[in-house]
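**Q**
There are 2 protein chains.
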Amino acid sequence: MVNRRIGKEDSETRQHLLEAAEQLMREEGYAAVTSRKLASFAGLKPQLVHYYFRTMDELFEALFKRVADKHLSALKEVSAQENPLVGMFELSCDSANSVLHLEFLALANHRKNIHDQVTAFGRELNRTESAIILDVLRKEGIETPGVAPEDLSTIIETMARGMAFAENLNARPLGNARNILTGCLAKFSVTLRALSEFSDAD
Amino acid sequence: MVNRRIGKEDSETRQHLLEAAEQLMREEGYAAVTSRKLASFAGLKPQLVHYYFRTMDELFEALFKRVADKHLSALKEVSAQENPLVGMFELSCDSANSVLHLEFLALANHRKNIHDQVTAFGRELNRTESAIILDVLRKEGIETPGVAPEDLSTIIETMARGMAFAENLNARPLGNARNILTGCLAKFSVTLRALSEFSDAD
DNA sequence: GTCTATACTTCGATAGAC
DNA sequence: GTCTATCGAAGTATAGAC
Chain U
1 MVNRRIGKED SETRQHLLEA AEQLMREEGY AAVTSRKLAS FAGLKPQLVH YYFRTMDELF
61 EALFKRVADK HLSALKEVSA QENPLVGMFE LSCDSANSVL HLEFLALANH RKNIHDQVTA
121 FGRELNRTES AIILDVLRKE GIETPGVAPE DLSTIIETMA RGMAFAENLN ARPLGNARNI
181 LTGCLAKFSV TLRALSEFSD AD
Chain V
1 MVNRRIGKED SETRQHLLEA AEQLMREEGY AAVTSRKLAS FAGLKPQLVH YYFRTMDELF
61 EALFKRVADK HLSALKEVSA QENPLVGMFE LSCDSANSVL HLEFLALANH RKNIHDQVTA
121 FGRELNRTES AIILDVLRKE GIETPGVAPE DLSTIIETMA RGMAFAENLN ARPLGNARNI
181 LTGCLAKFSV TLRALSEFSD AD
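Protein chains in written order, with the working numbering: chain U, 1 to 202; chain V, 1 to 202.
#1: What residues in the segment 99-128 of chain V bring their beta carbon closer than 8 Å to a beta carbon of chain U?
#2: Classify Ala-201 of chain V: buried if its beta carbon has 16 or more other beta carbons within 10 angstroms, exposed otherwise.
#3: Kindly list, in the order they appear in chain V, the residues whose Cβ is closer than 7 Å to that of Arg-54 of chain U.
#4: Count the other CB atoms within 10 Å of the CB of Gln-155 of chain V; is the residue buried (16 or more) or exposed (fewer)?
#5: Taking 6 Å as the cut-off, is the beta-carbon of Leu-85 of chain V closer than that to any non-hydrogen atom of the ligand FMN?
#6: Restricting to Cα atoms, I'd like to know which of U:Val-49, U:Ile-6 and U:Asp-10 is closest to Ala-20 of chain U.
#7: What first and last residue would you give for the alpha helix (DSSP H) that runs through Thr-144 of chain U?
#8: Measuring alpha carbon to alpha carbon, tell me which of U:Ala-186, U:Leu-185, U:Leu-134 and U:Leu-125 ends up nearest Ala-74 of chain U.
#9: Please name the residue, chosen from U:Gly-183, U:Ile-6, U:Phe-188 and U:Ser-11, that lies closest to Phe-206 of chain U on a Cα-to-Cα basis.
#10: Would you tell me roughly how many angstroms separate the C-alpha atoms of Ser-95 of chain U and Leu-102 of chain U, rounded to the nearest one?
#11: Note down, in chain order, every chain U residue with its Cβ under 8 Å from the Cβ of Met-163 of chain V.
#12: So, does the segment 168-186 of chain U touch the segment 111-126 of chain V, judging by three or more C-beta pairs under 8 Å?
#13: Just to check my reading of the structure: Gly-136 of chain U and Phe-188 of chain U have Cβ atoms closer than 8 Å, yes? What is that Cβ distance to the nearest angstrom?
#14: Rounded to whole angstroms, what is the Cα-Cα separation between Leu-192 of chain U and Gly-146 of chain U?
#15: Anyone know if the C-beta pair for Phe-165 of chain U and Ser-79 of chain U falls short of 7 Å?
#16: According to a CB-to-CB cut-off of less than 8 Å, which residues of the segment 29-63 of chain U neighbour chain V?
#17: To the nearest angstrom, report how far apart Ala-68 of chain U and Ser-153 of chain U are at their CA atoms.
#18: My guess is that Ala-31 of chain V and Leu-24 of chain V are in contact by the Cβ rule of under 8 Å, so how many angstroms apart are they, rounded?
#19: Less than 8 Å between the CB atoms is what I'm expecting for Asn-83 of chain U and Ala-186 of chain U, so what's the real figure, rounded?
#20: Under the three-state reduction of DSSP, which class applies to Asn-176 of chain U: helix, strand or coil?
#21: Closest by CA to Lys-8 of chain U, which one among U:Tyr-51, U:Ala-39 and U:Gly-183?
#22: Counting only beta-carbon atoms, is Ile-213 of chain U nearer than 7 Å to chain V?
#23: Among U:Glu-150, U:Ser-92, U:Glu-77 and U:Lys-70, which one has its Cα closest to the Cα of Arg-127 of chain U?
#24: To which residues of the same chain is Phe-41 of chain U closer than 8 Å at the C-beta, ignoring the five residues directly before and after it?
#25: Nearest by alpha-carbon distance to Asp-57 of chain V: which of V:Gly-162, V:Leu-18 and V:Glu-27 is it?
#26: Measure the C-alpha to C-alpha separation of Glu-129 of chain V and Ala-148 of chain U and round it to an integer number of angstroms.
#27: Looking only at its own chain, which residues have a Cβ that is under 8 Å from the Cβ of Met-163 of chain U, when we skip the five neighbours before and after it?
#28: Go ahead and pull the three-state DSSP assignment for Asp-94 of chain V.
#29: Closer than 8 Å by C-beta to Phe-64 of chain V: which residues in its own chain qualify, once you throw out the five before and the five after it? Chain order, please.
#30: Taking the alpha-carbon positions, what's the Lys-70 of chain V to Glu-28 of chain U distance?
#31: Taking Cβ positions only, does Ile-142 of chain V come closer than 7 Å to chain U?
#32: Take the Cβ of Arg-123 of chain V as the centre, count every other Cβ of all protein chains shown within 10 Å, and call the residue buried at 16 or more, exposed below.
#33: DSSP on Val-33 of chain U, reduced to helix/strand/coil?
#34: Under 7 Å between C-beta atoms, does Leu-169 of chain U make it to chain V?
#35: For a cutoff of 7 Å on Cβ pairs, would you count Phe-198 of chain V as touching chain U?
#36: Which residues, taken in chain order from the segment 72-96 of chain V, show a beta carbon closer than 9 Å to some beta carbon of chain U?
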């Protein structure tokens, strides 16, 4: 049948299912998020999963949207802090989130709808971070940085995620590496001058 | 039964299966590597998979070992190049490998044996890279760098993988970001001086 | 070394009663 | 909105013939 009944988006049970799915995915990976395991984890019947989500793909989509929105709104809070760049870095380093990110990246490798969603999120993140970076630079009196804010965002984001993945894997801090990078961000105008040198060269 | 017959490690069919598994994992993710799909992909019967590998876990272990060994031997070749650091970076940026790495990282999140294998590989990689870095620094006349070679390896590796994941996701180069980082590595002694400043701070 | 046959489990998804 | 019942497909793994 094509027109099956589907539960409302604002349903409490639906929220509960998404919550459980997030936890399950974090702890056991996306492959463990099956209708049966999820239901049992949430204390519900498997059929309810299909009542709220037409397919499992639809569930993953909804879950990613949830996680992505959470990250973007946290980013907005960070931008009001004293040192937004360090906050930005710490946010993307967060190991709980990084595990989820990793799972979604892996999912994106072979599910087109997730792939599109993840790239769209990446673009939005880059835009938002670029704006924050520009703002920080202006406050330091730098109007035209030698490196594009978009590239700076990419570099920071790249390092943060890499750190998070590695830390998460080793279950320990990565020597002094993370402190060094945080230091670079705390004295960003100095770092930027250094980076600019390499940007012009090649 | 506990003592099932298992095929020899040097069997051609076994190699063929691992080859196919690698490709399948790259293209469709680890969840697609099932005995049935793998066998059909390799033009064999599913039961042969279980003849060569006691369990699917054993197959993933063997596959990771294969990939890790390949990477380490490629790294050794790179260390003989003119600019080993750039080569190191490019190697870890390689998008074909990065997809596999990502899949294994995801697998490691919830399979203990893979987790242990991946961390062990990470440690060995760090050791090998540190040695290369030390060598490069010595040739530039720097005997005691302000930042530990292990941390430098971590930073470079982190950036490279992050780049690879992001590029792979977007299916396009990441603006100028990658060039900037390559530039930093090409003029490593300059970069190192800049990094040292932040290392001593706070 | 590769095949057939097969046991058992878990999966996604739907229909229909309540 | 949640339940029971149920399908067919796909998963891992083993035994035993050739």
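Glycine included, every Cβ here is placed at the ideal spot set by N, Cα and C.
**A** Working from what's here:
#1: Against chain U - using a Cβ distance shorter than 8 Å - the residues of the segment 99-128 of chain V are Val-99, Leu-102, Glu-103, Leu-105, Ala-106, Leu-107, Ala-108, Asn-109, His-110, His-115, Val-118, Thr-119 and Gly-122.
#2: Low per-residue confidence applies at Ala-201 of chain V: pLDDT is 46, beneath 50, and the placement is therefore not dependable enough to give any value.
#3: What Arg-54 of chain U touches in chain V: nothing, since even the nearest Cβ is about 20 Å away.
#4: The question names Gln, but residue 155 of chain V in the sequence shown is Ile. With 16 or more other Cβ atoms inside 10 Å of its own Cβ, Ile-155 of chain V counts as buried.
#5: Looking at this structure, you won't find the ligand FMN or any other ligand, since it has none at all.
#6: Of the listed residues, the one whose Cα sits closest to Ala-20 of chain U is U:Val-49.
#7: For Thr-144 of chain U, no alpha helix (DSSP H) run applies, since DSSP gives it neither H nor E.
#8: Nearest of U:Ala-186, U:Leu-185, U:Leu-134 and U:Leu-125 to Ala-74 of chain U, Cα basis: U:Leu-125.
#9: Only positions 1 to 202 of chain U appear in this structure, which leaves residue 206 of chain U out of reach.
#10: If I take the Cα positions, the gap works out to 10 Å.
#11: Ordered by position in chain U, the residues that pass the 8 Å Cβ test against Met-163 of chain V are Thr-158.
#12: At 8 Å Cβ cutoff, the stretches touch.
#13: With the sequence shown as reference, residue 136 of chain U is identified as Val, and Gly is not the correct amino acid for it. Here Val-136 of chain U really is in contact with Phe-188 of chain U; their C-beta atoms are around 7 Å apart, less than 8 Å.
#14: Near 8 Å, if we compare the C-alpha coordinates of Gly-146 of chain U and Leu-192 of chain U.
#15: Contact flag unset, no.
#16: Residues of the segment 29-63 of chain U with a Cβ closer than 8 Å to any Cβ of chain V, in chain order: Gly-29, Tyr-30, Ala-31 and Ala-32.
#17: Cα to Cα, Ala-68 of chain U sits roughly 17 Å from Ser-153 of chain U.
#18: That pair is no contact at about 10 Å.
#19: Cβ atoms of Asn-83 of chain U and Ala-186 of chain U come within 8 Å of each other, at about 6 Å.
#20: Asn-176 of chain U sits in coil when the DSSP states are folded into three classes, being neither helix nor strand.
#21: Of the candidates U:Tyr-51, U:Ala-39 and U:Gly-183, the one whose C-alpha sits nearest the C-alpha of Lys-8 of chain U is U:Tyr-51.
#22: Because chain U in this structure spans residues 1 to 202, residue 213 of chain U falls outside the shown range and cannot be described.
#23: Comparing Cα-Cα distances from Arg-127 of chain U to each of U:Glu-150, U:Ser-92, U:Glu-77 and U:Lys-70, the minimum goes to U:Glu-150.
#24: Excluding residues within five positions, the ones whose Cβ falls inside 8 Å are Ala-20, Gln-23 and Leu-24.
#25: Closest by alpha carbon: V:Leu-18.
#26: Taking the straight line joining both Cα atoms gives about 30 Å.
#27: Within the same chain, Cβ atoms closer than 8 Å to the Cβ of Met-163 of chain U are found at Cys-93, Leu-174, Ala-177, Arg-178 and Leu-181, the five residues on either side in sequence being excluded.
#28: Residue state, collapsed to three classes: coil.
#29: Once the five neighbours on either side are set aside, the close Cβ partners of Phe-64 of chain V are Phe-104, Ile-114, Gln-117, Val-118 and Phe-121.
#30: Taking the straight line joining both Cα atoms gives about 28 Å.
#31: Not an interface residue.
#32: It counts as exposed.
#33: Correct three-state label for Val-33 of chain U: coil.
#34: Yes, contact with chain V.
#35: Yes, its Cβ sits closer than 7 Å to a Cβ of chain U.
#36: Within the segment 72-96 of chain V, no residue places its CB atom closer than 9 Å to a CB of chain U.
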